[in-house]
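The structure under discussion appears below in the form of C-alpha cells.
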Amino acid sequence: MGLSLWLVPSAEQLSKLKDFMQYRSPDAHSSSSFPAYDPHLTLASIPSSMSVSDLLDAIPHDQTIVPIRFKSVDFGEKYFMSVYVAVHHTPELESLRTHLRERLRSQAVPTIPHMSLYYIDDSDREEREKTVHALWQKGWVVAHDGGVSLNWAGESSNVLAGFDGAEIWAVRCEGPVHEWQVVSKISLCSF
Numbered sequence: 001m002g003l004s005l006w007l008v009p010s011a012e013q014l015s016k017l018k019d020f021m022q023y024r025s026p027d028a029h030s031s032s033s034f035p036a037y038d039p040h041l042t043l044a045s046i047p048s049s050m051s052v053s054d055l056l057d058a059i060p061h062d063q064t065i066v067p068i069r070f071k072s073v074d075f076g077e078k079y080f081m082s083v084y085v086a087v088h089h090t091p092e093l094e095s096l097r098t099h100l101r102e103r104l105r106s107q108a109v110p111t112i113p114h115m116s117l118y119y120i121d122d123s124d125r126e127e128r129e130k131t132v133h134a135l136w137q138k139g140w141v142v143a144h145d146g147g148v149s150l151n152w153a154g155e156s157s158n159v160l161a162g163f164d165g166a167e168i169w170a171v172r173c174e175g176p177v178h179e180w181q182v183v184s185k186i187s188l189c190s191f
C-alpha cells in the first residue's frame with residue numbers, strides 16, 4: 001500500500017472510539033475481518049517509494065486542530081471502506097484536503113472523507129451490511145439533525161457526534177493491518 005497521513009482524534013476521543021471499534025460480528029470467519037487499528041481519517045496515501053519527509057512536508061506548518069462531524073454510518077464494497085463513518089465537508093477539513101491535493105497530487109487524497117470503523121474481508125462480505133444494521137439495532141448509532149452520533153455504552157459521556165483531529169500521523173501501511181507502523185506524530189495547533 002505505502003505511506004499514509006492519518007488525522008487522529010484527541011487522546012480522550014481516541015480511547016472512546018477504540019472502545020466502539022471493539023465490536024466483532026460472531027459470524028465473521030476470516031482472520032482479516034475486524035482487525036484492531038487506531039481510529040483515523042485518512043488524509044492522503046502515497047507509494048512507499050516516496051519518503052516520509054516528503055509526506056510530512058506536505059502538511060501545513062501552522063495546521064490547526066480539524067473539527068470532524070459525523071454524517072452517516074455506511075458500508076461499502078472495498079476492504080478499507082467495509083463499515084465507515086462518512087463525515088461532513090467542513091471548511092477546515094476541505095482546506096487541509098485541498099492543500100494536500102496541491103502538494104502531493106489529487107489521487108493521493110481519498111475521494112470520500114471518512115473514518116473506517118471495521119475492515120471486513122471479502123469472504124465475509126455479507127457481514128458489512130449486517131454490522132451496520134446491528135449497530136443501529138443496539139442503539140450504538142443514533143441519528144440527529146444533520147448527522148449521526150456513536151454511542152456504545154448507553155451513557156451520554158460516551159456519545160460522539162464527531163472528533164477533534166488533534167494529531168496527524170504518518171503511517172507505513174505495508175502488509176497485514178496488525179503490521180502497520182506509525183512512523184511520526186505531529187500535534188496540531190489549538191484554535
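So the sequence shown is numbered by this note's numbering: it starts at 1 and just counts up by one.
Using N, Cα and C, we set each Cβ at its ideal position, and we do this for glycine too.
Since the model is a prediction, treat every value here as computed from it, not as a measurement.
Report task. Quick one: residues in its chain with C-beta nearer than 8 Å to the C-beta of Cys189, no 5 flanking neighbours on either side, listed in chain order? Result -> Asp62, Gln63, Thr64 and Ile65
Query raised in the report: Going by C-alpha distance, which of Lys18, Ile46, Ser51 and Gly162 is nearest Ala86?
Result: Gly162
Requested in this report: Quick one: grab the DSSP three-state call for Glu77.
Outcome: coil
Query raised in the report: Between which two residues does the beta strand (DSSP E) harbouring Gln181 extend?
Result: Gln181 to Ser187
Report task. Please confirm whether His89 and Leu41 have their CB atoms less than 8 Å apart. Result -> no
Query - Where Ala170 sits in the DSSP three-state scheme - result: strand
Report task. Alpha carbon to alpha carbon, how far is Val142 from Ala170? Give it in angstroms, no decimals. Result -> 31 Å
Report task. Report the residue from Ser72, Val183, Pro39 and Ile68 whose alpha carbon sits nearest the alpha carbon of Ser15. Result -> Pro39
Query raised in the report: Taking only beta-carbon atoms, is Pro9 less than 8 Å away from chain C?
Result: Looking at the structure shown, chain C is missing, and only one protein chain is on hand.
**Report entry** Short Cβ contact (8 Å threshold) for Gly165 with Pro9
**Finding:** yes
**Report entry** Bridge-paired residues (DSSP) for Trp6
**Finding:** Thr42 and Trp169
Query raised in the report: What separation, rounded to the nearest whole angstrom, lies between the Cα atoms of Phe80 and His144?
Result: 26 Å
Query raised in the report: Hey, how far is the Cα of Phe20 from the Cα of Ile59?
Result: 29 Å
Query raised in the report: Could you give the C-beta distance for Ser44 and Leu93, rounded to a whole number, given that I count them as a contact under 8 Å?
Result: According to the sequence as given, residue 44 is Ala; it is not Ser. Not really, about 13 Å apart at Cβ, beyond 8 Å.
Report task. Jot down the residue ranges of each uninterrupted beta strand (DSSP E) in the segment 45-118, minimum 3 residues, whole runs only, in chain order. Result -> 66-75, 83-87 and 114-118
Requested in this report: With a threshold of 16 other CB atoms inside 10 Å of the CB of Arg24, please say whether the residue is buried or exposed.
Outcome: exposed
Requested in this report: On a CA-only basis, which of Ser149, Arg128, Leu150 and Ile186 is nearest His29? Give me that one, please.
Outcome: Arg128
**Report entry** Closest by C-alpha distance to Phe34, when choosing among Ile168, Arg69, Ser4 and Thr131
**Finding:** Thr131
Query raised in the report: Run through DSSP, which three-state label would Phe248 get?
Result: In the structure as shown, the chain starts at 1 and stops at 191, and residue 248 therefore has no counterpart that could be examined.
Report task. Would you tell me roughly how many angstroms separate the C-alpha atoms of His178 and Ala36, rounded to the nearest one? Result -> 7 Å
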